[in-house]
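S.K.: Starting off with a structure, shown below.
2 protein chains.
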Amino acid sequence: MKKILNNPADYVEEMLEGFVAAHPEFYAQPERRVIARPEGATSGKVGIVSGGGSGHLPVFAGYVGPGFLDACAVGDVFASPSAEQMASAIRHADGGAGVLRLYGNYGGDVMNFDMAGEMVDMENDIRTTTVLLADDIVSAGKDEAEKRRGVAGMIYAFKIAGACADTKADLDEVTRVAQKAADACRSIGMALTPCIVPQAGKANFELGENEMEMGMGIHGEPGIWRDALRPADQIVDEMIDRILADHPFSKGDRLSVLVNSLGATPLEELYIMYRKVKQRFDDIGAEIVMPLVGRYATSMEMTGATITTIALDEELERYLKAPAACAYWRVG
Amino acid sequence: MKKILNNPADYVEEMLEGFVAAHPEFYAQPERRVIARPEGATSGKVGIVSGGGSGHLPVFAGYVGPGFLDACAVGDVFASPSAEQMASAIRHADGGAGVLRLYGNYGGDVMNFDMAGEMVDMENDIRTTTVLLADDIVSAGKDEAEKRRGVAGMIYAFKIAGACADTKADLDEVTRVAQKAADACRSIGMALTPCIVPQAGKANFELGENEMEMGMGIHGEPGIWRDALRPADQIVDEMIDRILADHPFSKGDRLSVLVNSLGATPLEELYIMYRKVKQRFDDIGAEIVMPLVGRYATSMEMTGATITTIALDEELERYLKAPAACAYWRVG
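Going line by line, the protein sequences match chains A and B.
The first sequence: position 113 = 113 (UniProt numbering), numbered continuously.
The second sequence: position 54 = 54 (UniProt numbering), numbered continuously.
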């Protein structure tokens with residue numbers, strides 16, 4: 001296992017210690033495994049919390065910040081935080097106007113966040129709602145889209161929901177807007193090499209020396225096909241074709257696109273991909289607004305990339321462009 | 001070669017096409033292999049140019065932007081741009097107040113940038129000066145520091161020189177400040193795996209399955225020792241010890257620190273490293289200002305990290321904190 005770490009059992013704790021020390025203007029750790037804003041919750045504003053397993057930085061905790069999330073619960077690598085940690089994150093996000101739970105559609109996270117919602121309802125009288133990200137189009141068919149896993153699209157939902165909450169909209173309105181953003185996202189990934197969970201010490205899957213897998217999930221969940229590595233343009237064409245089959249775009253439509261590295265894939269290759277993505281939407285006549293190219297949702301040192309589209313109407317575009325800041329993404 | 005690309009011969013061209021398409025607010029490509037600000041040079045301001053081989057994004061071209069560089073020449077992967085491309089970059093940076101050439105100390109780059117300086121002097125009557133980054137403490141002894149290679153420290157020099165130029169200081173003053181910033185930087189790297197130059201198609205060096213190399217250069221230049229991978233804290237301790245031996249820090253000193261991934265090493269591991277870096281300077285009583293943790297100077301998908309320190313006085317700190325923006329680093 002070629003990683004720069006100490007005892008694998010201390011991986012998450014030491015990572016969080018460095019994370020908070022490096023960015024004290026954005027992040028505080030008021031309780032173990034809970035990241036919140038250093039200034040605390042904003043009174044009268046709907047709080048937004050997320051949470052999930054570690055190993056995906058900047059997701060999830062990195063998106064705590066003004067115009068984004070208010071707090072986040074942090075699990076072990078690729079494992080759900082506990083319900084107690086999630087309840088604690090909700091309490092730290094609560095400014096008296098209710099709290100939206102906004103996170104990816106994974107069984108353990110859903111179970112624990114539901115339980116956390118019951119806990120804060122009973123113990124703290126905090127009203128909560130839920131919006132699940134389910135943007136990975138490969139993980140289930142269009143007819144059962146509610147079974148899809150949440151991947152990089154969540155960062156658009158964080159941004160848009162955060163901007164809506166900043167207007168002091170009420171919980172129902174923030175929930176509606178977050179759901180609308182989540183519904184507008186489509187993602188697909190491809191992988192070239194696995195990553196290693198520190199406490200396991202070995203790769204979570206294997207790919208042959210010249211093999212790629214189309215549609216693979218961020219934890220190594222099986223994709224659509226596994227075959228010899230193809231040229232970048234061919235890979236991007238298939239990813240865009242699959243997105244368009246699920247959510248068509250037409251001339252005059254507006255969207256944002258995220259070309260995201262799963263970790264090891266360098267910026268150079270992401271730009272080669274984005275070049276083709278841009279050509280595809282230029283051909284359609286759809287306009288890309290605020291494209292994002294970089295590492296926004298990763299799986300540690302996994303090699304591969306995801307493409308996410310979000311269809312924008314006037315409302316979503318306005319919230320996407322509203323000012324926001326965290327250590328990894330600043331708008332305005 | 002597991003890379004997402006088309007024809008390796010088109011790697012740099014396609015990368016630049018995507019790079020400019022993704023960030024049109026920061027970058028334009030007025031001529032092949034020249035990145036400049038879309039609004040052109042700023043009249044009356046000293047221009048700052050850099051340049052070097054591709055494969056290090058965001059270095060070099062990514063640091064073109066307000067408060068940073070004005071233009072940049074882009075070579076093939078790990079290869080110097082031509083003198084003609086560098087001369088063109090200088091012309092695009094020229095706002096009538098002279099141009100500083102600010103780049104890393106590599107033979108090919110020095111030869112071509114010197115030639116470029118002569119070309120623009122003769123052909124365009126543009127006065128130029130040079131400041132070389134030579135921050136890699138492992139690449140030559142303290143007694144021949146002028147032979148050292150330039151690595152991640154250059155981003156501090158870009159930032160500080162850019163802020164000085166923004167004050168409309170003259171070329172001699174911008175050159176003095178850039179040299180002072182360059183002289184204040186110390187860097188050291190370590191590597192776990194190599195990267196692959198697309199047109200070569202194979203790794204530029206080999207490391208055993210559980211091996212690391214201390215002091216390795218960003219192109220795979222040999223380091224100090226190669227041995228079994230050590231725990232993160234031990235690695236960081238040795239890197240900091242070596243930096244301190246070259247440039248001591250004392251109680252009350254102020255510095256910035258960059259913990260930089262060479263590409264594949266994820267943020268999680270950088271934060272584990274930063275945690276230890278912070279402890280070391282806390283122990284000394286030196287204050288870290290504006291720490292940077294992330295991918296600021298890479299070698300594509302190389303696994304490993306570098307640590308850079310820059311000793312700050314009031315002047316350097318002021319310029320470091322002045323507003324600046326590019327697609328990868330925003331201040332103020």
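By construction, the Cβ of each residue, glycine as well, lies at the ideal position given by its N, Cα and C atoms.
On a predicted model such as this, the values are computed, not experimentally measured, just so you know.
Cutting at 6 Å between CB atoms, please list the residues of its own chain near residue 218 of chain B, excluding the five before and the five after it.
M.R.: Your numbering for residue 218 of chain B matches position 218 in the second sequence. Closer than 6 Å at Cβ, skipping near neighbours: 151 and 299.
S.K.: Please list, in chain order, the chain B residues whose beta carbon lies closer than 8 Å to that of residue 330 of chain A.
M.R.: Numbered from its first residue, the first sequence carries residue 330 of chain A at position 330. In chain order: 330.
S.K.: Can you pull the chain A neighbours of residue 128 of chain B, defined as C-beta to C-beta under 9 Å?
M.R.: Within the second sequence, residue 128 of chain B is the residue found at index 128, counting from 1. By Cβ distance, chain A contributes nothing, its closest Cβ being about 29 Å from residue 128 of chain B, past 9 Å.
S.K.: With a 10 Å radius around its C-beta and 16 neighbouring C-beta atoms as the bar for buried, classify residue 323 of chain A as buried or exposed.
M.R.: Reading the first sequence from its first residue, position 323 is the one you call residue 323 of chain A. Residue 323 of chain A comes out exposed.
S.K.: Quick one: which chain B residues come within Cβ less than 7 Å of residue 4 of chain A?
M.R.: Residue numbering aside, residue 4 of chain A sits at position 4 when the first sequence is read from its first letter. Going along chain B in sequence order, the residues near residue 4 of chain A (Cβ under 7 Å) are 232, 235, 265, 269, 272, 273 and 305.
S.K.: Should residue 91 of chain A and residue 130 of chain A be called a contact, given that it needs their Cβ atoms to be closer than 8 Å?
M.R.: Translated into positions along the first sequence, residue 91 of chain A becomes position 91. Translated into positions along the first sequence, residue 130 of chain A becomes position 130. Cβ atoms of residue 91 of chain A and residue 130 of chain A: not closer than 8 Å.
S.K.: Provide the residue(s) that pair with residue 138 of chain A in DSSP beta bridges, ordered along the chain.
M.R.: On the first sequence, residue 138 of chain A is found 138 positions in, with the first residue counted as 1. BP columns for residue 138 of chain A are empty, so no partner.
S.K.: With a CB to CB cut of under 8 Å and the five nearest residues on each side skipped, what residues in its chain are close to residue 232 of chain A?
M.R.: To locate residue 232 of chain A, count along the first sequence from 1; it is residue 232. The residues are 269, 272, 273 and 276.
S.K.: List, in order along the chain, the chain A residues whose C-beta lies closer than 9 Å to that of residue 278 of chain B?
M.R.: For the purposes of this step, residue 278 of chain B is identified with residue 278 of the second sequence, where counting begins at 1. Going along chain A in sequence order, the residues near residue 278 of chain B (Cβ under 9 Å) are 17, 18, 21 and 22.
S.K.: Using beta carbons (cut-off 8 Å, strictly below), is residue 229 of chain A in contact with chain B?
M.R.: Here residue 229 of chain A refers to the residue found at position 229 when the first sequence is read from its first residue. It does: the Cβ of residue 229 of chain A has a partner Cβ on chain B nearer than 8 Å.
S.K.: Apart from the five residues on each side of it in sequence, which residues of its chain come closer than 8 Å, Cβ to Cβ, to residue 157 of chain B?
M.R.: Here residue 157 of chain B is taken as the residue at index 157 of the second sequence, counted from 1. The residues are 102, 131, 133, 178, 181, 182 and 185.
S.K.: Contact defined as beta carbons within less than 8 Å: I believe residue 116 of chain B pairs with residue 83 of chain B. What is the distance between those atoms, to the nearest angstrom?
M.R.: Translated into the one-based positions of the second sequence, residue 116 of chain B becomes position 116. Translated into the one-based positions of the second sequence, residue 83 of chain B becomes position 83. Right, the Cβ-Cβ distance comes to about 5 Å (below 8 Å), so this counts as a contact.
S.K.: Considering only the alpha carbon of each residue, which of A/96, A/35 and A/222 lies closest to residue 194 of chain A?
M.R.: To locate residue 194 of chain A, count along the first sequence from 1; it is residue 194. Residue A/222 is the option with its Cα nearest to residue 194 of chain A.
S.K.: Just by C-beta distance, which residues in the segment 43-57 of chain A are closer than 8 Å to chain B?
M.R.: Of all residues in the segment 43-57 of chain A, 54, 55 and 57 have a Cβ within less than 8 Å of some Cβ in chain B.
S.K.: Identify, in the order they occur along the chain, each residue of the same chain with its Cβ nearer than 6 Å to the Cβ of residue 225 of chain A, setting aside the five sequence neighbours on each side.
M.R.: For the purposes of this step, residue 225 of chain A is taken as residue 225 along the first sequence, with counting starting at 1. Same-chain partners within the cutoff: 214.
S.K.: Hey, does residue 291 of chain B have any beta-carbon neighbour from chain A nearer than 8 Å?
M.R.: On the second sequence, residue 291 of chain B is found 291 positions in, with the first residue counted as 1. Residue 291 of chain B counts as touching chain A.
S.K.: What span of residues does the beta strand (DSSP E) with residue 235 of chain A cover, start to end?
M.R.: Working through the first sequence from its first residue, we reach residue 235 of chain A at position 235. Segment 232-246 is the alpha helix (DSSP H) holding residue 235 of chain A; no beta strand (DSSP E) there.
S.K.: Please determine, among B/239, B/160 and B/119, the residue with the shortest C-alpha to C-alpha distance to residue 335 of chain B.
M.R.: Chain B is shown only over 1 to 332; residue 335 of chain B falls outside these bounds and no answer can be derived.
S.K.: Just mark residue 122 of chain A as buried or exposed, buried being the case when its beta carbon has 16 or more other beta carbons within 10 Å.
M.R.: Translated into the one-based positions of the first sequence, residue 122 of chain A becomes position 122. Counting Cβ neighbours within 10 Å, residue 122 of chain A comes out exposed, since fewer than 16 surround it.
S.K.: Less than 8 Å between the CB atoms is what I'm expecting for residue 267 of chain A and residue 306 of chain A, so what's the real figure, rounded?
M.R.: Start at 1 with the first residue of the first sequence, and residue 267 of chain A comes out as number 267. Start at 1 with the first residue of the first sequence, and residue 306 of chain A comes out as number 306. Not really, about 15 Å apart at Cβ, beyond 8 Å.
S.K.: Apart from the five residues just before and just after residue 228 of chain B, which ones in its own chain have a Cβ nearer than 6 Å to its Cβ?
M.R.: Position 228 of the second sequence, counted from the first residue, corresponds to residue 228 of chain B. Cβ neighbours of residue 228 of chain B beyond the five flanking positions: 210.
S.K.: Verify the CB distance criterion: does residue 255 of chain A have a CB-CB separation below 8 Å to chain B?
M.R.: Here residue 255 of chain A refers to the residue found at position 255 of the first sequence. Cβ-Cβ to chain B under 8 Å: no for residue 255 of chain A.
S.K.: Buried or exposed: where does residue 93 of chain A fall if 16 or more other Cβ atoms within 10 Å of its Cβ makes it buried?
M.R.: One-based indexing of the first sequence puts residue 93 of chain A at position 93. Burial call: buried.
S.K.: Could you tell me which of A/246, A/253, A/139 and A/281 sits nearest to residue 220 of chain A, measuring between CA atoms?
M.R.: On the first sequence, position 220 is the one that residue 220 of chain A refers to. Minimum Cα distance to residue 220 of chain A is reached at A/139.
S.K.: Can you give the beta carbon distance from residue 254 of chain A to residue 289 of chain A, rounded, assuming they're within the 8 Å contact cut?
M.R.: For the purposes of this step, residue 254 of chain A is taken as the residue at position 254 of the first sequence. For the purposes of this step, residue 289 of chain A is taken as the residue at position 289 of the first sequence. With a Cβ gap of about 6 Å, residue 254 of chain A and residue 289 of chain A count as contacting.
S.K.: Are the C-beta atoms of residue 14 of chain B and some chain A residue less than 8 Å apart?
M.R.: The sequence position of residue 14 of chain B within the second sequence is 14, counting from 1. True, the Cβ-Cβ gap to chain A drops below 8 Å.
S.K.: Cα separation between residue 304 of chain B and residue 16 of chain B?
M.R.: For the purposes of this step, residue 304 of chain B is identified with residue 304 of the second sequence, where counting begins at 1. For the purposes of this step, residue 16 of chain B is identified with residue 16 of the second sequence, where counting begins at 1. Approximately 25 Å, taken between the alpha carbons.
S.K.: As a quick exercise: from A/264, A/284, A/216 and A/258, pick the residue whose alpha carbon is nearest that of residue 249 of chain A.
M.R.: Sequence index remark: in the first sequence, residue 249 of chain A carries index 249 (1-based). The shortest Cα separation from residue 249 of chain A among A/264, A/284, A/216 and A/258 belongs to A/284.
S.K.: Along the chain, where does the alpha helix (DSSP H) that runs through residue 181 of chain A open and close?
M.R.: For the purposes of this step, residue 181 of chain A is identified with residue 181 of the first sequence, where counting begins at 1. Segment 171-184, the alpha helix (DSSP H) holding residue 181 of chain A.
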